[in-house]
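The working numbering puts the sequence shown at residues 1 to 466. Note that the Cβ used here is the ideal one computed from N, Cα and C, for glycine as well. All values derive from a computational prediction rather than experimental measurement. Heads up: the structure comes next, in structure tokens.
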Amino acid sequence: MAEAFGIAGSAVGIVSLGIQVTQGLLKYYGSWKGQDIGIASSGTGQWLLQNSDFLEWAKGNKKAVWCRGDPGVGKTVLASAIVEFLENDLPLKEIGLAFIYCNHKAKLSQNIKYFVSAIVRQIVERRPIIPENVRNLYEKHRGKETRPTCTEYLSLLKSLANEYSEVYIIIDALDECIGDSGQLIWSELLSVLKDSLPNMRLLYTSRNIHDTAGTFTESTVIPIRASETDIRTYIKWKLQTENVLLQFFQQDTTLQNDILEAIASKAEGMFLAAHLHLESLASKTNCGAVKKALHELPTTLDGMYDEAMERIRQQAKPMETLALRVLSWIVYAVRPLQLEELQHAIAAAELEPDDRYISEENLTPQSILVNACAGMIKIDEASNVIGLVHKSTQDYFDRSSRKHFPFAQRDIGTTCVKYLSLEVFGSGLCYTDEEYKRRANENALLEYAAGNLGNLIRGMTEHNLN
Numbered sequence: 001m002a003e004a005f006g007i008a009g010s011a012v013g014i015v016s017l018g019i020q021v022t023q024g025l026l027k028y029y030g031s032w033k034g035q036d037i038g039i040a041s042s043g044t045g046q047w048l049l050q051n052s053d054f055l056e057w058a059k060g061n062k063k064a065v066w067c068r069g070d071p072g073v074g075k076t077v078l079a080s081a082i083v084e085f086l087e088n089d090l091p092l093k094e095i096g097l098a099f100i101y102c103n104h105k106a107k108l109s110q111n112i113k114y115f116v117s118a119i120v121r122q123i124v125e126r127r128p129i130i131p132e133n134v135r136n137l138y139e140k141h142r143g144k145e146t147r148p149t150c151t152e153y154l155s156l157l158k159s160l161a162n163e164y165s166e167v168y169i170i171i172d173a174l175d176e177c178i179g180d181s182g183q184l185i186w187s188e189l190l191s192v193l194k195d196s197l198p199n200m201r202l203l204y205t206s207r208n209i210h211d212t213a214g215t216f217t218e219s220t221v222i223p224i225r226a227s228e229t230d231i232r233t234y235i236k237w238k239l240q241t242e243n244v245l246l247q248f249f250q251q252d253t254t255l256q257n258d259i260l261e262a263i264a265s266k267a268e269g270m271f272l273a274a275h276l277h278l279e280s281l282a283s284k285t286n287c288g289a290v291k292k293a294l295h296e297l298p299t300t301l302d303g304m305y306d307e308a309m310e311r312i313r314q315q316a317k318p319m320e321t322l323a324l325r326v327l328s329w330i331v332y333a334v335r336p337l338q339l340e341e342l343q344h345a346i347a348a349a350e351l352e353p354d355d356r357y358i359s360e361e362n363l364t365p366q367s368i369l370v371n372a373c374a375g376m377i378k379i380d381e382a383s384n385v386i387g388l389v390h391k392s393t394q395d396y397f398d399r400s401s402r403k404h405f406p407f408a409q410r411d412i413g414t415t416c417v418k419y420l421s422l423e424v425f426g427s428g429l430c431y432t433d434e435e436y437k438r439r440a441n442e443n444a445l446l447e448y449a450a451g452n453l454g455n456l457i458r459g460m461t462e463h464n465l466n
């Protein structure tokens, strides 16, 4: 019993050490599963799991595999399928396994220490007993209230890895491995892992924009594509879950197949395109409108996003305003936002000049937030992060944000000022860590508003200030 309490205490210590990376800033497998476009469509990605190069890597006969492909073809879907395959088919007691999802929005926290600590955490969590060297590192830093250095994490990682025949590392979206300086750090990350883990079996995904294989000369390249079978499987699954379209199928028994054929032919191997087309069709109000839309489906991602923004503009004014606020906050956020943070931001933006409080009644339900945004946002249920549906969505808004959100920085800055002016903060400073944590827990937007207000104000143009 005493040993059990000791292990539990050590597990709490790992959290305190910082080995547990903040889940709001890093996606783990638990949040991938069922969250990404098409992942719930069973059977997709089987072609990769049966690929001879992939199977040789999974057996430990290849050191590195680079899965590269264009935006929207389902690389993250495949990455999660690979992790599930390894968990189900390999003896996890004999191998180490960890995965990293890089996020361009998390650049303020992404560094080598961040990623190495995430790998350590996952390897330790799969162990039935907390290793002694982990407990020792905790004890070393507990009294000082410090966290381990990157060197200490690397030393710990090497020690843990030596207990396995192979350590499998999966990195998704390596091209989004951007550090706090704004520079790409994927090359440094791969070099560190290569030097630290001689028994590593690495698989990483990225777009076709970086010669990442140059860091790993042993890399075998597997081009990633969504097969027509995968696209059709995904469309069929989605058609069975769209309640609006199901009503139309009762009126016209051929409509379902017409949609399947039209979208499959226009998707051009992209899950993302199929998703956006289906969102567009689900917004129609009758069979005739759906049939007409089938002949007018956009053929480019920018065209699909333009069409989604047009649908937003056609909503009732309150829903249009809500959607534009949600999207502008997500687009301009300096880090990934928790759902509750965004709910508080929207509530603060809607306050009247004399309002001094935000209550639960002021918070917009997540279903309304998502439905207002025409398929361009999603919520990660495991981490509760709300974000754009795809990196290409951010790219689209980076090119067109002045058109869609001309006063976004002014409005966001004003909202932060309004939030920090609420009556709840009128009691003054917090004098203890416990008091601050309690205040931050009760006021979800506090840390973001207080921590970024200066940057937001500096980012405003003189015109906006006037």
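- Under the DSSP definition of a beta bridge, K291 lacks any partner.
- Nearest Cα to T321 within the set A349, D53 and G375: A349.
- A Cβ-Cβ separation of about 7 Å places Q110 in contact with C177 under the 8 Å criterion.
- Apart from the 5 residues on each side of it in sequence, Q315 sits with its Cβ closer than 8 Å to the Cβ of A323 and A372 in its chain, given in chain order.
- Of the candidates T229, D195, C287 and S191, C287 places its Cα closest to the Cα of T253.
- In the DSSP assignment, D380 falls within the beta strand (DSSP E) that extends over I377 to D380.
- Under the DSSP assignment, C416 falls in the alpha helix (DSSP H) whose first and last residues are A408 to L420.
- Rounded to the nearest whole angstrom, the CA to CA distance from T76 to N257 is 28 Å.
- When secondary structure is reduced to three states using DSSP, E145 falls in the coil class, being assigned neither helix nor strand.
- Every unbroken stretch of the alpha helix (DSSP H) spanning 4 or more residues and falling wholly within the segment 245-298 is given here in chain order: 255-267, 271-282 and 287-294.
- By the CB criterion at 7 Å, L388 and I312 fall outside the cutoff.
- Remark: fewer than three beta-carbon pairs, one from each stretch, lie closer than 8 Å, so the segment 217-231 and the segment 87-94 are not flagged as touching.
- Beta-bridge partners of E166 (DSSP): I95.
- In the DSSP assignment, the residues bridged to A64 are L202.
- For H277, the number of other beta carbons within 10 angstroms of its own is at least 16, and it is reported as buried.
- Looking only at A161, R201 and R147, the smallest Cα-Cα distance to I170 is reached by R201.
- Shortest Cα-Cα distance from D411 to any of E218, L189 and I346 involves I346.
- Collapsing the DSSP output to three states places P223 in a strand.
- Of the residues assessed, D433 falls on the exposed side of the cut-off, its CB having fewer than 16 other CB atoms within 10 angstroms.
- DSSP, read as helix, strand or coil, puts D355 in coil.
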